[in-house]
Amino acid sequence: MARFASPSTLAGIAAPMAVWAVHFVVLYSLQGLACGEGWSQRGASWAMLALTVPALAAITWLGLRALRAARAAGAAGPAARRARFAAQAAALCAVLATVAVLFTVVPVLLLPACR
Amino acid sequence: MSEARMDTLPPGENSRRLAALARIWNNAPGWRGQLTAVNHGTVGLRFIATGFAFLLAGGALAMFIRLQLAWPGNQVLDPERYAQFVTLHGTTMMFLFAVPIMEGFAMYLLPKMLGARDLPFPRLGAFGYWCYLFGGLFLYSGLLFGEAPDGGWFMYVPLTDATYSPGRGVDFWLIGVTFAEIAAVTAAVELIVAILLCRAPGMDIRRMPLFAWAMLVTAFMIAFGFPPLILGSILLEIQRAFGFVFFDVARGGDPLLWQHLFWLFGHPEVYIIFLPAAGVVSMVVATFARRPIAGYLWIVLALVTTGFLSFGLWVHHMFAVGIPLLALAFFSAASMAVAIPTGIQVFAWLATLWAGRPWLRVPMLYLVGFFITFVGGGLTGVMVALVPFDWQVHDTHFVVAHLHYVLIGGLMFPMFAGLYYWLPLASGRMPSESLSRTAFWMVFVGFHLAFLPMHLTGLLGMTRRAYSYPEQLGVHWLNLLSTAASFVLAAGTVAILIDAALCFRHGRPGRRNPWRAGTLEWALPHPVPAYNFASLPVVADRYPLWQDRGLAARTADATGLLGDPASGRRESMGTSILGGVPEQVIRLPGSSWQPLLAALAIAALLACFIARLYLGSVLVLVVLLGQFCAWAWTTGDRHAPARVQAGPRLGLPVQYACRNAPGWWALVVTLLIDGSLFASLVFAYFYLWLGTEAWPPAPMHAGADPTARVALVLLGVCWIAAAASARLMRRGGGRALALPLGVAALAGAGFLRAQWQAVASGTGAPGEHAYASVVWTLAGFHSVHVAVAMLVGLFVAARGQRGYVGAERPLEQRIAAALWAYVAAQGAIAWGVIHLFPEWA
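Protein chains in written order, with our numbering: chain S, 80 to 194; chain W, 876 to 1716.
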């Protein structure tokens, strides 16, 4: 698992935003399902909030891992500088992904699920 | 890595090599050469020239629209004509100008910028161009038959279904646009592989020009963003042509499904247009600030995050259709979030200018126009991202103003900046300073006087897409101003294009690198050789020309990497994805008739289809498949040595033996695109399910009966047999491929038989209900994939018999096995959706 989308690869740079995308799709689908199938609105809202926790945890994990990789890479030689660059990009993407997930979830706190 | 040089060439050897390179790489002479050309320089310039021709066509339509709206009650266009012109104007500008022109810039520039000799799939690029040209002509040919599309550029159903648009106009749109989109999809494959694998040695991901980063993100966005529209177009066309049901409420369909599929494409599309332009801005700003770009890392971050976030915006085009508020709020939030990365880029560009010594030459002037216009469009974008505000201005001219500020600000101004910036590279001459500045002021002033008033006319209640408006609204003077100014804008645009065209003949001859830029394309001499670099450059900086003053001279001599064209083949180098370390020599095909002939066959196929000559379509399809097989047969080289000498002390494998072969990555990207198409179809299935009471409607029924289970087992056999082919080939060579791939093909045929029977037993005719339509479409979609995998497998098995594939050249076997694995996985999902889900639900 530690090698999955390693922060020094292109997939590693994209990984935090991929988590945002999955979270976004899951919330939007859940909202559509809950309203289409007549599930409890309150339950749907709580489920959406609950699903935000693993999303934020995954992004935080990816971000911290990238930060550690950036520190560990150092600046000795082009390969190290390249690894540091990719890890820094991954860490910054994690920050923006966190903001984006929070943006997505704020309306859940303010609005009922199906009105 | 140290620069490899062979200074001890015998006298005359260098010029002999240069002559050989020119002979190998030049297009054939005369008309034949024009029709068979595949070189990226030729194809890229064609994309650009054709894009500008469509810009003029779309612009001319806009002038008619403005004349009609100049005063209430005008009779320039009747309502039908007006609807056709609005539709064609939007369609032309989006599909035939904005996207292709940026592909053209990328195809022309990227190899030069990355230090390569060509793109990895030259014939695919040429094929894409012909599809684009023929698709565009196909769309416009509707005008000749009096059947131009008139449903708006987003073709909303039910207006565009067979009941309300019985003519062929909509068919011309659906088929022509999908035909032209082939170019976007092939460009996505080609550009991703080029950027990942075909960079100069030493150009790691930190040293890639930002235009390449922008195009990489854009190409991935095309890969995920275009398939929903392609799927939507297919669904609408088979509803119109064969009576399937997807969007008809009476039989379980839903018109909103079309809107979802359209805008799932349509919103990323805006960023597919903007990100390449942002890449151009990053290149031009650094050169004219005369310093490296500030915040390179931040711009990369902004490109990547914009690429993702732009997929979370599509419903903001549907705020007024009655979706629950919470869902709207998700998209409203994402629409505001996307302003963050865009803002980061704008600040990085400003910081570069602030820290540099800006030089206000013509390209920079156009960038000033970009900053002012685009920021304005971005701000109104945040306004319409707010749901209550959007409800007020939805379908008014406020939105017209917003979208033109974004598209003309975000695409046209940077594109003109890029045009003037790279014109000296393509033409070897300088554009006219006086004409280009006058044209800029005409475009800038004309644009703002034409579109700024539209914010106001929209707020006052003037609707979009209506052929006129009441005088009582009191907006006629503003409209007259818009019309007058739009002609100034048009004249300025024409002046720019005339200036650019004249430059090629009458411009003042310029010297190499007139702007003193730092990136590789400016190392090229004039006229730019067809092979770009006689010796491939070795890069150690983000701006190689600023850091290494001898680089231009060295790459013009055939003394370095791949400088010796002893093989007589077109050759370029492949490097590793992250580090830019040389990995392989890529042998490329030369001029060929195949791309043009294949595109002509597709045009014939679609023409038969639209004329309802379905038998003719099938016959042409057989011809087309034969053409593709003949084309594919000419790839590869059974006599290629396993390793070739790329330079002193540098021996490299040829691509057929390399793990990171371009063909392998092309397959990966193609499957991503296809996966997105499949996901869109599965989405359509569940969307229709959610809106229907009984699924399946009685008397239809679903369930995994024994036949369906046999089908699933046979699909597993396909996968196992194809997976075993690798091991068998390692032991027995290419001839051993016949057994596993033959078994896979047989099992595939059995699967098709069993699956057909299983689906037919419980599902009624497609025209009865949306359930039957979507199930048949899903099963048919996957069946086509099985048939393609069978064909590919048998093709590779035949290639193995003839010695093209073997243990030392495994590429084609890897492709066949991976394709079967993908088809089996897709089939398992489709099988579960068709046979299991209805029972569970």
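Ideal Cβ placement from N, Cα and C applies to all residues, glycine included.
Through-space distance from L141/S to M80/S, alpha-carbon basis: At M80/S the pLDDT is 39, less than 50, meaning the model places this residue with poor confidence; the figure from the coordinates comes in the next sentence. The alpha-carbon atoms of M80/S and L141/S are separated by roughly 12 Å.
Residue of A1532/W, L1150/W, E1112/W minimising C-alpha distance to G1051/W: E1112/W
Own chain residues within Cβ distance below 7 Å of R1605/W, not counting five before or after: A1682
Meets three-Cβ-pair contact criterion under 8 Å: the stretch 1020-1038 of chain W and the stretch 1142-1151 of chain W: no
Start and end residues, alpha helix (DSSP H) containing G1000/W: 997-1019
Span of the beta strand (DSSP E), counted from its first residue to its last, around Q1469/W: From DSSP, Q1469/W is part of no beta strand (DSSP E) but of the alpha helix (DSSP H) over 1469-1485.
Extent of the continuous beta strand (DSSP E) to which Q1520/W belongs: 1518-1522
Simplified DSSP state of L952/W, which is helix, strand or coil: coil
Whole runs of the alpha helix (DSSP H) within the stretch 1054-1135 of chain W, excluding any shorter than 4 residues: 1085-1117
Below-7 Å beta-carbon distance, R1081/W vs any chain S residue: yes
As assigned by DSSP and simplified to three states, the class of I138/S: helix
Which listed residue (D1265/W, I1548/W, A1433/W) has its alpha carbon closest to that of L1203/W: D1265/W
Integer-rounded CB distance, given that D1374/W should sit under 8 Å from L1310/W: 5 Å
G1449/W - partner residues in DSSP beta bridges: Q1459/W
Cα-Cα separation, S877/W to R1524/W: Because the pLDDT of S877/W is 39, which lies under 50, any placement of that residue in the model is unreliable, and the number read from its coordinates should be weighed accordingly. Taking the straight line joining both Cα atoms gives about 11 Å.
Burial state of R1677/W (16 or more Cβ within 10 Å): exposed
Proximal chain W residues relative to R150/S, where beta-carbon distance stays under 7 Å: The contacting residues do not exist; R150/S stays about 16 Å from chain W at best.
Rounded C-alpha distance that separates G1491/W from L1499/W: 12 Å
Proximity below 7 Å, CB of P1151/W to CB of M977/W: yes
Within-7 Å CB hit, Q110/S to chain W: yes
Chain S contact for A1204/W (CB, 7 Å cutoff): yes
Beta-carbon gap between V1213/W and L1184/W smaller than 7 Å: yes
Status (buried if at least 16 other CB within 10 Å, exposed otherwise) for T883/W: exposed
Candidates A145/S, A113/S, G111/S, of which the one nearest A162/S by Cα: A145/S
Residue-chain proximity (R163/S, chain W), Cβ-Cβ < 7 Å: no
Inter-residue spacing [alpha-carbon to alpha-carbon] between I923/W and G1522/W: 35 Å
T88/S (DSSP reduced to helix, strand or coil): coil
C-beta neighbour in chain W for A84/S, strict 7 Å: no
CB-CB length for T1434/W against S1410/W, believed under 8 Å: 6 Å
Delimiting residues of the alpha helix (DSSP H) encompassing P1581/W: 1581-1607
Inter-stretch contact (C-beta, 8 Å, three-pair minimum) for the stretch 1118-1136 of chain W and the stretch 1148-1165 of chain W: no
Straight-line gap, I1704/W to L1590/W (C-alpha atoms, nearest Å): 12 Å
Per-residue DSSP class, three states only, for V913/W: coil
Within 7 Å, strictly: CB atoms of A1062/W and F1101/W: no
Nearest neighbour of V1281/W, chosen from V1259/W, G1253/W, V1350/W [CA to CA]: G1253/W
G1253/W at chain S interface by Cβ criterion, 7 Å: no
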